[in-house]
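The opening residue of the sequence shown carries number 63 in the working numbering; numbering runs sequentially from there.
Glycine included, each C-beta is placed from N, C-alpha and C at the ideal position.
Computed from a prediction, not measured in an experiment: that's the story for all the values here.
Reviewing the structure listed below.
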Amino acid sequence: MKFISTLFPALWLFLWLGATQAADIENGADLHFEHCTGCHDSAVYTLEDRKVGDLARLGQQVRFCKDTIGASWFDDEVDDVIEYLNVTYYHF
Numbered sequence: 063m064k065f066i067s068t069l070f071p072a073l074w075l076f077l078w079l080g081a082t083q084a085a086d087i088e089n090g091a092d093l094h095f096e097h098c099t100g101c102h103d104s105a106v107y108t109l110e111d112r113k114v115g116d117l118a119r120l121g122q123q124v125r126f127c128k129d130t131i132g133a134s135w136f137d138d139e140v141d142d143v144i145e146y147l148n149v150t151y152y153h154f
């Protein structure tokens with residue numbers, strides 16, 4: 063029983079921390095609109111022969127574009143844009 067009483071608070075903390083670090087899709091949409099639409103319209107995300115085929119590749123592409131345009135996003139902002147693109151276009 064002691065093991066369970068020790069495990070429960072640790073599990074609760076783990077779940078709580080995970081929930082607080084979820085990507086912010088609205089922020090991702092704002093960042094995308096501000097920084098990405100100058101080069102991309104939505105057609106690039108819906109091409110049949112698109113380069114992005116999975117979530118890992120989407121992350122690589124977003125980071126590449128961020129670095130190319132010199133955006134000074136924090137890691138959580140990169141995650142926000144990835145999540146926005148995934149939910150809106152890719153559905154991985």
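### Message
So, for residue 142: in the same chain, excluding its five sequence neighbours on each side, which residues have a beta-carbon less than 6 Å away from its beta-carbon?
### Response
85, 86, 89 and 90
### Task
With a threshold of 16 other CB atoms inside 10 Å of the CB of residue 139, please say whether the residue is buried or exposed.
buried
### Query
Is residue 148 helix, strand or coil by DSSP?
helix
### Task
Output the distance between the C-alpha atoms of residue 135 and residue 124, rounded to the nearest integer angstrom.
Distance between the alpha carbons of residue 135 and residue 124 is about 11 Å.
#### Entry: Residue burial classification, residue 96 (beta-carbon count within 10 angstroms, cutoff 16)
exposed
### Query
Where residue 145 and residue 118 are concerned, what is the direct C-alpha to C-alpha distance, given to the nearest angstrom?
Going from the Cα of residue 145 to the Cα of residue 118 covers about 12 Å.
### Message
Whole angstroms are fine: how far does the CA of residue 132 sit from the CA of residue 151?
### Response
Whole-angstrom Cα-Cα distance: 24 Å.
### Query
From residue 108 to residue 129, what distance separates their C-alpha atoms?
23 Å
### Query
So, is residue 106 buried or exposed, given that buried needs 16 or more other C-beta atoms within 10 angstroms?
Burial check for residue 106: the Cβ neighbour count within 10 Å stays below 16, so the residue is exposed.
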